[in-house]
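Numbering-wise, full-length UniProt numbering puts 128 at position 128 of the sequence shown, and it's gapless, one number per residue.
For each residue, glycine too, the CB sits at the ideal point set by N, CA and C.
Model, not experiment: these values are computed from the prediction.
Worksheet: one structure, shown below.
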Amino acid sequence: MRFWKDQRGNTAMIFAICVIPLLAIAGGAIDMTRHRTASVETQAALDAALLYVAHDLGERDIEVLKAEAREVFDEQMRGRGVAVHDFDIVQNGDDITATVDGDIDTTLLGLAGVTQLGVNRISQVRHSERQFEIAIAFDTTGSMRGEKMVQAQAAAKLLVDKIDAATSKKSSRRFALVPFTTWVNVGPDNWNKNWIDKDGRSDVSATNLLPRTSRVALYEALGEVWPGCVEAREYPLDVDDTRPRRRDPETLFTPSFYPDEPDDRRRYANDYLDDGGWSWNAMNLISDVSKYGVAITRASTNGLAPGRGRGRDDDDDDDDDDDDDDDERGNRGRGNNGAPGLKRSYRFYSDVTTPVGPGFNCATRPIVPLTRNANRIKNEIDLLEAEGSTNMSEGVAWGWRVLSPEAPFTQGGSYDDRSVDKVMVLLSDGNNHLSARSDMRGSDYSAYGYAANGRMNVPSRPSQAQIWTEMDKRTLEACSNAKAAGIIIYTVRLELDDARSDGVLSKCATSPEHYLDVPDAARLGEAFSQIADDVLQLYLAK
Numbered sequence: 001m002r003f004w005k006d007q008r009g010n011t012a013m014i015f016a017i018c019v020i021p022l023l024a025i026a027g028g029a030i031d032m033t034r035h036r037t038a039s040v041e042t043q044a045a046l047d048a049a050l051l052y053v054a055h056d057l058g059e060r061d062i063e064v065l066k067a068e069a070r071e072v073f074d075e076q077m078r079g080r081g082v083a084v085h086d087f088d089i090v091q092n093g094d095d096i097t098a099t100v101d102g103d104i105d106t107t108l109l110g111l112a113g114v115t116q117l118g119v120n121r122i123s124q125v126r127h128s129e130r131q132f133e134i135a136i137a138f139d140t141t142g143s144m145r146g147e148k149m150v151q152a153q154a155a156a157k158l159l160v161d162k163i164d165a166a167t168s169k170k171s172s173r174r175f176a177l178v179p180f181t182t183w184v185n186v187g188p189d190n191w192n193k194n195w196i197d198k199d200g201r202s203d204v205s206a207t208n209l210l211p212r213t214s215r216v217a218l219y220e221a222l223g224e225v226w227p228g229c230v231e232a233r234e235y236p237l238d239v240d241d242t243r244p245r246r247r248d249p250e251t252l253f254t255p256s257f258y259p260d261e262p263d264d265r266r267r268y269a270n271d272y273l274d275d276g277g278w279s280w281n282a283m284n285l286i287s288d289v290s291k292y293g294v295a296i297t298r299a300s301t302n303g304l305a306p307g308r309g310r311g312r313d314d315d316d317d318d319d320d321d322d323d324d325d326d327d328e329r330g331n332r333g334r335g336n337n338g339a340p341g342l343k344r345s346y347r348f349y350s351d352v353t354t355p356v357g358p359g360f361n362c363a364t365r366p367i368v369p370l371t372r373n374a375n376r377i378k379n380e381i382d383l384l385e386a387e388g389s390t391n392m393s394e395g396v397a398w399g400w401r402v403l404s405p406e407a408p409f410t411q412g413g414s415y416d417d418r419s420v421d422k423v424m425v426l427l428s429d430g431n432n433h434l435s436a437r438s439d440m441r442g443s444d445y446s447a448y449g450y451a452a453n454g455r456m457n458v459p460s461r462p463s464q465a466q467i468w469t470e471m472d473k474r475t476l477e478a479c480s481n482a483k484a485a486g487i488i489i490y491t492v493r494l495e496l497d498d499a500r501s502d503g504v505l506s507k508c509a510t511s512p513e514h515y516l517d518v519p520d521a522a523r524l525g526e527a528f529s530q531i532a533d534d535v536l537q538l539y540l541a542k
């Protein structure tokens, strides 16, 4: 009887009876945690595999793409312990779906008869129905010469190709190209557009000339052709998208006109007329319009010169050649109607090859407004050449203006259309630069004129640092204004490592993720490919 009543050892018996289910429960918690981890890892790998090939669907064989996607998936899942039984990708219209069925082996759950846990995941992307307007603001300054330019051109074309291939409807994407140096070239064919100050009515047009001087007509009277560059509007119009209106001349865009500089080719870059005198103040000679002779009289009183058409006269002796003797030509001929002829050209800056004259230093290619023709954009990218100095403020401002629905370029969709993504990609390998000069000019001539002209908000004889600070300030203000208007800005810094450029380009970008710092030109393709993937707005639907 005592044996039956003895309770010693009950705990051991109870434990022995319960240990197996307890181990199964504890093991189940471990296995379920492993299952959740495997599911998350499988989903991430499936998403990555689908996004890797989604852009090429419709362009390449589906079976080849499935194989590539599987390779990406397997690489990411290596060593994860998931046995895959089925992997598939199917396309239905704009929806692209990837599925994977697999399982993991359990550990202690096997004690309860559960030897495997299923891992079944689905991923779906949908090609965005949004429309893309993409402006590439491309630094073509002298420092881009050589391998930098080659790699930058290839990267920019890659971006165009990826977006072009991934959008089934050509109407859903358009591209624009804005090359910039010291200047931006809006195209010489636009000389007669209403947004050009062709009659010389603005204060900018009168800079270093007479009021109401038509710069286009002055070019013509001097026997030259306006090459297409424009000066910056007066601040703050230079950093915004205010629509140009004829009734408000300051909103118009003024053709560039690099004035004739004093007859000292050791100190001045653009001596193309005889001054007929000497002055200790270079600005006195620069502003003396008498040297332009009858040309200035006609340009200031008659508006467009007689016979001015949309191009040059058929019997004009400009054959638009590419002869190597352009930079060394001697007598450049007389201007129209007895105007003075221009002197023999010479080289002052090592990275500027344009001949002296009113169009000096305007070597950048013209803007290409928004177009659905991807091949046109790529062909223009191939024609870019490196020359001149950096003025990112004008590059950003015109990158914004080509995306705008307002004049001067009106191809952009409405700012109110939420289905349109307006994107600017700003590429530069340098800091803003305009050389300060110790003489009365205060600086070289640029889109802001000379420092002495008072359009830069710096002293008439500023320090180099004062010029750089003002240029950086205007660049950031143009960026801020563009972003406030809804422009998404990506910035790419190329092979530069200094605090100044980092401060400008990182702040100009829409966010830190939109700023790409590329230390080696050979990696530009990766950067532009990343931008293309981001811009495409391929998003995971499931």
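Segment contact: the stretch 235-245 against the stretch 210-225, fewer than three CB-CB distances shorter than 8 Å; contact not assigned. With fewer than 16 other Cβ atoms inside 10 Å of its own Cβ, G146 counts as exposed.
About 6 Å separates the beta carbons of L159 and I531, which is inside the 8 Å limit, making them a contact pair.
Spanning the alpha carbons of C508 and Q131 requires a straight line of approximately 23 Å. According to the DSSP assignment, Y515 belongs to the beta strand (DSSP E) that extends over 515-518. Following the DSSP letters along the chain, one finds I134 inside the beta strand (DSSP E) bounded by residues 131-139.
Annotation: S428 is outside any alpha helix (DSSP H); the continuous beta strand (DSSP E) that includes it extends over 420-428.
Runs of the beta strand (DSSP E) lying entirely within the stretch 366-391 and spanning at least 3 residues, in chain order: 368-371. A straight line joining the alpha-carbon of D203 with that of E234 spans about 9 Å. In chain order, V289 place their CB closer than 6 Å to the CB of I296, counting only its own chain and leaving out the 5 sequence neighbours on each side. Going by DSSP, A69 is part of the alpha helix (DSSP H) stretching over 62-77.
For I89, there is no enclosing alpha helix (DSSP H); the enclosing beta strand (DSSP E) has its first and last residue at 83-92. Annotated three-state conformation of Y272 is coil, per DSSP. Within the same chain, and ignoring the five residues on either side of R437 in sequence, the residues whose Cβ sits closer than 6 Å to its Cβ are S443. Note that the stretch 490-499 touches the stretch 408-428; at least 3 beta-carbon pairs, one per stretch, sit closer than 8 Å. Under the DSSP assignment, A451 falls outside any beta strand (DSSP E); it carries neither an H nor an E label.
Under the DSSP assignment, D439 falls outside any alpha helix (DSSP H); it carries neither an H nor an E label.
M32 counts as exposed, since fewer than 16 other C-beta atoms from the protein chains shown sit within 10 angstroms of its C-beta.
Contact check between the stretch 370-380 and the stretch 344-358: fewer than three CB pairs, one atom from each, fall below 8 Å, which does not count as touching. Non-local beta-carbon contacts of K343 in its own chain, meaning distances under 6 Å to residues more than five positions away in sequence, involve Y272 in chain order.
Short of 7 Å from the beta carbon of T242, and not among the five residues preceding or following it, lie these beta carbons of its own chain, in chain order: T251.
Looking at the DSSP output, G293 bridges to nothing. D161 and D421 have their C-alpha atoms some 18 Å from each other. DSSP places L210 in the coil class of the three-state scheme, outside both helix and strand. Apart from the 5 residues on each side of it in sequence, D439 sits with its Cβ closer than 7 Å to the Cβ of A282 in its chain, given in chain order. The C-beta of R455 has 16 or more other C-beta atoms within 10 Å across all chains shown, which makes the residue buried.
Apart from the 5 residues on each side of it in sequence, E477 sits with its Cβ closer than 7 Å to the Cβ of V239 in its chain, given in chain order. Fully contained in the stretch 213-259 are the following alpha helix (DSSP H) runs of length 4 or more, in chain order: 215-221. In this structure, DSSP gives G142 a helical state, which the three-state scheme calls helix. Using a 10 angstroms sphere on the CB of A447, the tally of other CB atoms reaches 16 or more, which defines it as buried. Per DSSP, reduced to three states, the secondary structure at A98 is strand. Under the three-state reduction of DSSP, R174 is assigned to strand. Looking at the backbone, the Cα of C362 and that of D260 are separated by about 15 Å. Here L536 carries a coil assignment [DSSP, helix/strand/coil]. R401 has its alpha-carbon roughly 18 Å from the corresponding atom of P249. Comparing alpha carbon positions, the residue from E385, R267, S214, S435 closest to M144 is E385.
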